[in-house]
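This report concerns only the one structure given below.
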Amino acid sequence: MSALQKINLFDLDRKAMEALFVELGSKAFHGRNVLKWIHKHGVTDFDAMTDLPKKLRTELEVKAEIRPPEIVFEQPALDGTIKWMLELADGQRIETVYIPEENRSTICVSSQVGCALDCSFCSTAQQGFNRNLTSGEIIGQVWLATRELGRPPTNVVMMGMGEPLANFQPVVTAMDVMQDDLTYMISKARVTLSTSGVVPNLYRLREVSDVSLAVSLHAPTNELRDKLVPINRKYPLEQLIPACREYIKGDKRRKITWEYVMLDGVNDSIGHAKALIRLLEGTPSKLNLIPFNPFPGTDYKTSPPEQVEAFRQKLRKAGIMAITRKTRGDDIDAACGQLVGRVRDRSRRQLRRVQSDRLANG
Ligand code: SAH
Numbered sequence: 245m246s247a248l249q250k251i252n253l254f255d256l257d258r259k260a261m262e263a264l265f266v267e268l269g270s271k272a273f274h275g276r277n278v279l280k281w282i283h284k285h286g287v288t289d290f291d292a293m294t295d296l297p298k299k300l301r302t303e304l305e306v307k308a309e310i311r312p313p314e315i316v317f318e319q320p321a322l323d324g325t326i327k328w329m330l331e332l333a334d335g336q337r338i339e340t341v342y343i344p345e346e347n348r349s350t351i352c353v354s355s356q357v358g359c360a361l362d363c364s365f366c367s368t369a370q371q372g373f374n375r376n377l378t379s380g381e382i383i384g385q386v387w388l389a390t391r392e393l394g395r396p397p398t399n400v401v402m403m404g405m406g407e408p409l410a411n412f413q414p415v416v417t418a419m420d421v422m423q424d425d426l427t428y429m430i431s432k433a434r435v436t437l438s439t440s441g442v443v444p445n446l447y448r449l450r451e452v453s454d455v456s457l458a459v460s461l462h463a464p465t466n467e468l469r470d471k472l473v474p475i476n477r478k479y480p481l482e483q484l485i486p487a488c489r490e491y492i493k494g495d496k497r498r499k500i501t502w503e504y505v506m507l508d509g510v511n512d513s514i515g516h517a518k519a520l521i522r523l524l525e526g527t528p529s530k531l532n533l534i535p536f537n538p539f540p541g542t543d544y545k546t547s548p549p550e551q552v553e554a555f556r557q558k559l560r561k562a563g564i565m566a567i568t569r570k571t572r573g574d575d576i577d578a579a580c581g582q583l584v585g586r587v588r589d590r591s592r593r594q595l596r597r598v599q600s601d602r603l604a605n606g
């Protein structure tokens with residue numbers, strides 16, 4: 245880091261914050277206070293941190309900054325879901341989604357700009373991979389949502405753009421910050437990391453974190469999964485399943501959530517359900533069936549609801565807890581696999597409409 249570059253305090257978890265303040269010749273507890281100011285109180289101005297000595301505040305002005313991502317565009321959906329397009333310091337754009345439900349509120353957080361994994365049914369894949377997010381850019385999404393909503397979310401899912409296990413340390417650091425009782429206090433059961441199966445990093449994750457795990461399965465055989473989720477060619481099912489079992493080993497209450505996108509005529513037959521039952525035998529599992537969310541240019545089609553229901557019933561009869569995930573925010577392209585981090589023509593039109601409505605309403 246050059247002498248001129250300021251440290252973005254959004255990048256620091258409790259330990260790093262304490263270490264920074266000790267390094268500055270101050271006390272670790274001031275570091276904890278700053279963490280609390282930023283995340284609990286939403287303060288980004290050192291002068292407002294009234295319990296810090298004046299001299300320390302002046303020094304922080306010179307050496308550090310607290311820079312959240314900026315909202316460039318907000319799209320509310322009819323069902324209350326909100327999608328924010330955020331701009332990062334270098335002009336890159338990502339998306340964050342807020343999903344309100346009766347008893348909880350969930351923020352869906354991005355971990356990368358774009359994604360390198362190239363799953364054939366995901367629109368994020370179409371834009372390719374740009375770069376990893378820093379831990380500050382990841383926790384910054386939770387910070388922003390908390391400010392916008394006036395309260396912290398009850399749940400966070402690492403299910404936005406990108407593959408979280410391909411950006412390991414920043415994701416782990418950000419997940420640590422959101423669980424800290426000086427910040428958002430979101431319990432490990434309410435933080436979910438979703439991965440398409442970067443097997444070595446699943447083992448690493450187990451060593452440093454115990455958040456809930458969701459795995460994008462989407463197919464019961466290697467032959468089919470190779471096509472839908474190409475990382476399967478590198479880490480096939482016979483490696484993925486044991487890694488997942490290992491992750492929850494030792495805690496009888498834990499289950500793996502398997503995500504399974506329902507693609508008409510591709511992976512949604514009763515034969516596929518049977519193969520899935522065999523594959524998951526002996527693994528404590530929950531299955532989330534996700535109706536495919538279409539996007540421009542895709543040839544895939546959503547399975548008919550009767551087919552999804554028949555598939556679900558087959559699994560249930562075999563004792564596998566299976567639910568059909570309700571599609572949220574699809575009218576604003578905020579649903580699973582629709583996040584792209586760029587303004588499409590349609591949203592530009594909507595932006596103009598929002599702007600002209602605002603003008604018309606004074
Ligand atoms: N890269 C991680 C995090 C993304 S989570 C992962 O793969 O798990 C988003 C979930 O939505 C994943 O299960 C993904 O496979 C699924 N998804 C992607 N595109 C979709 C689409 N068009 N319709 C429905 N689900 C989709």
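Count along the sequence shown from 1, then add 244; that gives the number in our numbering.
Virtual Cβ for every residue (Gly too), placed ideally from N, Cα, C.
None of these values were measured; they are calculated from a predicted model.
The ligand SAH heavy atom lying under 7 angstroms from the CB of residue 439: The sequence position of residue 439 within the sequence shown is 195, counting from 1. Yes, the beta carbon of residue 439 sits closer than 7 angstroms to at least one heavy atom of the ligand SAH.
Nearest-angstrom Cα separation, counted from residue 422 out to residue 429: Against the sequence shown, residue 429 aligns to sequence position 185. Against the sequence shown, residue 422 aligns to sequence position 178. Those two C-alpha atoms are separated by around 6 angstroms.
For residue 537, is the beta carbon positioned less than 7 angstroms from some heavy atom of the ligand SAH? Here residue 537 is taken as the residue at index 293 of the sequence shown, counted from 1. Yes - the ligand SAH has a heavy atom lying nearer than 7 angstroms to the Cβ of residue 537.
Looking at the ligand SAH, does it come within less than 7 angstroms of residue 358, judged from the CB to the closest heavy atom? Counted from its first residue, the sequence shown places residue 358 at position 114. Because no heavy atom of the ligand SAH lies under 7 angstroms away, the Cβ of residue 358 does not count as near it: no.
Between residue 370 and the ligand ADP, is the CB less than 7 angstroms from at least one heavy atom? Looking for the ligand ADP in the displayed structure turns up nothing; the ligands present are the ligand SAH.
CB residue 355 to CB residue 445, shorter than 8 angstroms? Start at 1 with the first residue of the sequence shown, and residue 355 comes out as number 111. Start at 1 with the first residue of the sequence shown, and residue 445 comes out as number 201. Against a cut-off of 8 angstroms, the Cβ pair of residue 445 and residue 355 comes out as no contact.
Anyone know if the C-beta pair for residue 255 and residue 420 falls short of 8 angstroms? Position 11 of the sequence shown, counted from the first residue, corresponds to residue 255. Position 176 of the sequence shown, counted from the first residue, corresponds to residue 420. No.
For residue 494, which option in 450, 337, 561, 342 has the closest C-alpha, if you only look at C-alpha atoms? For the purposes of this step, residue 494 is taken as the residue at position 250 of the sequence shown. Here the closest residue by C-alpha is 450.
Please check the pair residue 350 and residue 399, which I expect to be a contact at CB under 8 angstroms, by giving their CB distance rounded to whole angstroms. For this step, residue 350 is matched to residue 106 along the sequence shown. For this step, residue 399 is matched to residue 155 along the sequence shown. 4 angstroms between Cβ atoms; contact.
I want to check one thing, is the minimum distance from the CB of residue 581 to the heavy atoms of the ligand SAH below 7 angstroms? Taking the first residue of the sequence shown as 1, we reach residue 581 at position 337. At least one heavy atom of the ligand SAH is nearer than 7 angstroms to the Cβ of residue 581, so yes.
Can we count residue 361 as close to the ligand SAH, meaning its CB is less than 7 angstroms from some heavy atom? Counted from its first residue, the sequence shown places residue 361 at position 117. Checking the Cβ of residue 361 against the ligand SAH gives yes.
Helix, strand or coil at residue 403 according to DSSP, with G and I counted as helix: Position 159 of the sequence shown, counting from 1, holds the residue named residue 403. Three-state result, residue 403: coil.
For residue 533, the residue or residues it bridges with in DSSP: Working through the sequence shown from its first residue, we reach residue 533 at position 289. Looking at the DSSP assignment, residue 533 forms a beta bridge with 504, 568.
Below 8 angstroms between beta carbons: does that hold for residue 458 and residue 438? Position 214 of the sequence shown, counted from the start, is the residue given in the question as residue 458. Position 194 of the sequence shown, counted from the start, is the residue given in the question as residue 438. For residue 458 and residue 438, yes; Cβs fall inside 8 angstroms.
Please determine whether the Cβ atom of residue 462 lies at a distance below 7 angstroms from any heavy atom of the ligand SAH. Start at 1 with the first residue of the sequence shown, and residue 462 comes out as number 218. For the ligand SAH, at least one heavy atom lies less than 7 angstroms from the Cβ of residue 462.
With DSSP run on the structure shown, which of helix, strand or coil describes residue 486? Along the sequence shown, one-based indexing puts residue 486 at 242. Three-state result, residue 486: helix.
Option in 581, 525, 548, 314 with minimal Cα separation from residue 440: Here residue 440 refers to the residue found at position 196 of the sequence shown. The residue with the shortest Cα to Cα distance from residue 440 is 581.
Do you know offhand how far residue 543's Cα is from residue 537's? For the purposes of this step, residue 543 is taken as the residue at position 299 of the sequence shown. For the purposes of this step, residue 537 is taken as the residue at position 293 of the sequence shown. About 12 angstroms.
In whole angstroms, what is the alpha-carbon distance linking residue 571 and residue 523? Numbered from 1 along the sequence shown, position 327 holds the residue referred to as residue 571. Numbered from 1 along the sequence shown, position 279 holds the residue referred to as residue 523. Cα to Cα, the separation comes out at about 26 angstroms.
contact_flag[the stretch 474–494, the stretch 514–522] where n(CB pairs < 8 angstroms) is 3 or more: Counting Cβ pairs under 8 angstroms, fewer than three are found: no touch.
Which residue spans inside the stretch 254–297 form an unbroken alpha helix (DSSP H) run of at least 4? 258–267, 272–283
Check the DSSP bridge columns for residue 435 and list the partner residues they point to. Start at 1 with the first residue of the sequence shown, and residue 435 comes out as number 191. According to DSSP, which records beta bridges pairwise, residue 435 is partnered with 400.
Could you tell me whether any non-hydrogen atom of the ligand SAH is closer than 7 angstroms to the CB of residue 408? Position 164 of the sequence shown holds residue 408. Correct: residue 408 has its Cβ closer than 7 angstroms to the ligand SAH.
According to DSSP, what are the bridge partners of residue 546? Counting from 1 along the sequence shown, the entry for residue 546 is found at position 302. Residue 546 is bridged to 507.
Within the chosen definition, does the stretch 309–325 reach the stretch 550–559 through at least 3 CB pairs nearer than 8 angstroms? The stretch 309–325, when compared against the stretch 550–559, does not touch it at the 8 angstroms Cβ threshold.
Less than 8 angstroms separating the beta-carbons of residue 405 and residue 372? Taking the sequence shown and counting its residues from 1, the one referred to as residue 405 is at position 161. Taking the sequence shown and counting its residues from 1, the one referred to as residue 372 is at position 128. Their beta carbons are not under 8 angstroms apart, which means residue 405 does not touch residue 372 by this criterion.
Range covered by the beta strand (DSSP E) that runs through residue 450: Walking along the sequence shown from the start, residue 450 turns up at place 206. Segment 443–452 is the alpha helix (DSSP H) holding residue 450; no beta strand (DSSP E) there.
How is the beta strand (DSSP E) around residue 356 delimited, first residue to last? Residue mapping note: residue 356 aligns to position 112 of the sequence shown, counting from 1. Start and end: 356–358.
For residue 261 and residue 277, what's the separation of their Cα atoms in angstroms? Taking the sequence shown and counting its residues from 1, the one referred to as residue 261 is at position 17. Taking the sequence shown and counting its residues from 1, the one referred to as residue 277 is at position 33. Going from the Cα of residue 261 to the Cα of residue 277 covers about 9 angstroms.
Integer Cβ distance of residue 578 from residue 327, believed to fall under 8 angstroms: Taking the sequence shown and counting its residues from 1, the one referred to as residue 578 is at position 334. Taking the sequence shown and counting its residues from 1, the one referred to as residue 327 is at position 83. Between residue 327 and residue 578 the Cβ distance is about 4 angstroms, and since that is below 8 angstroms, they are a contact.
Measure the beta-carbon distance from residue 253 to residue 308 and round it to whole angstroms, keeping in mind my assumption that it falls under 8 angstroms. Position 9 of the sequence shown, counted from the start, is the residue given in the question as residue 253. Position 64 of the sequence shown, counted from the start, is the residue given in the question as residue 308. Correct: roughly 5 angstroms between the Cβ atoms.
Quick check: the stretch 327–341 against the stretch 279–286, are at least 3 beta-carbon pairs closer than 8 angstroms? no
So, under 8 angstroms CB-CB, residue 569 and residue 534 are touching, yes? Tell me the CB distance rounded to an integer number of Å. Here residue 569 is taken as the residue at index 325 of the sequence shown, counted from 1. Here residue 534 is taken as the residue at index 290 of the sequence shown, counted from 1. Between residue 569 and residue 534 a beta carbon distance of about 5 angstroms is seen, short of the 8 angstroms cut, so the two are scored as contacting.
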